[in-house]
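Here is the structure we will look at.
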Amino acid sequence: MSVAPYYSFSDSINNEVDSFNRLLRRNGFRYGEPERYSTTTGGDQRLSVNLDNWFDNNFLSIARSSSPTGILPSVDILDHEKSYELNVSVPDVAKDDINLEYHEQNNQIVIAGEVPSVVNEEKKNKVRVKEVRTGNFKRVIQLPESSEIDVDNIKATYTNGILKLDIPKIEPTKPEKHTKRIEITSQDEDQPQ
């Protein structure tokens, strides 16, 4: 019995997968890699960075999915002078099906919800192509440790599948400089100076 056909088949599959991935990369598809924009004298320059290096490690975006489909909402984070702005893409999800929380002890924004399926038992046998992922999702955004957040004034709006959060920063308070003169006493009061 020869194993050559098995290796040939396996190599063919690997080559096809590699070709497909190259095609995706050539057309700008980079799964799981957010982009950071910086303005230079030449205009906007796109820098593709991985999540661990985003904003010089000040932000960490932790992706968690409670569904085997791995739904992961895309997020854009803007760092303004007085606030952070988060734009989260959650199309086809009703506003009431999105759970949004701020975890103060970890300085994290947690976005969770469910993308409902439009395919029910009645339509199940009619499906020819199903590309829309459905199921539960959870996205955790770690805000920089150095930032203080005005928790009571966080605002969220949901329009056309985009969840927009405005997270105001609190101005860091500078410790007041109090100068107090300290009197020096001596046990040797009787001795001449």
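For the sequence shown, UniProt numbering assigns the number 1 to the initial residue and increments by one for each residue that follows.
Where a beta carbon is used, it is the ideal one built from N, C-alpha and C, also for glycine.
None of these values were measured; they are calculated from a predicted model.
- request: Determine which residues share a DSSP beta bridge with N136 and list them.
  value: Under DSSP, the beta-bridge partners assigned to N136 are E114.
field: For K126, three-class secondary structure by DSSP
entry: When secondary structure is reduced to three states using DSSP, K126 falls in the helix class.
message: Between V17, E81, I141 and S10, which has its C-alpha nearest K169's C-alpha?
response: Looking at the Cα atoms, E81 is the closest of the given residues.
query: When DSSP builds the beta bridges, which residues end up paired with L163?
result: Looking at the DSSP assignment, L163 forms a beta bridge with V88 and Y158.
field: Counted within 10 angstroms of its Cβ, other Cβ atoms place V88 as buried (16 or more) or exposed
entry: Counting every other CB atom within 10 Å of its CB across the protein chains shown gives V88 a total of 16 or more, marking it as buried.
message: Does the stretch 134-141 come into contact with the stretch 97-117, if we say contact requires no fewer than three beta-carbon pairs (one atom in each stretch) closer than 8 angstroms?
response: With the cut-off at 8 angstroms, the stretch 134-141 and the stretch 97-117 touch.
- prompt: When the distance is taken between beta carbons, is V115 closer than 9 angstroms to R133?
  reply: V115 sits close to R133, with the two beta carbons spaced by under 9 angstroms.
- prompt: With DSSP run on the structure shown, which of helix, strand or coil describes I13?
  reply: Residue state for I13 is assigned as helix, using DSSP reduced to three classes.
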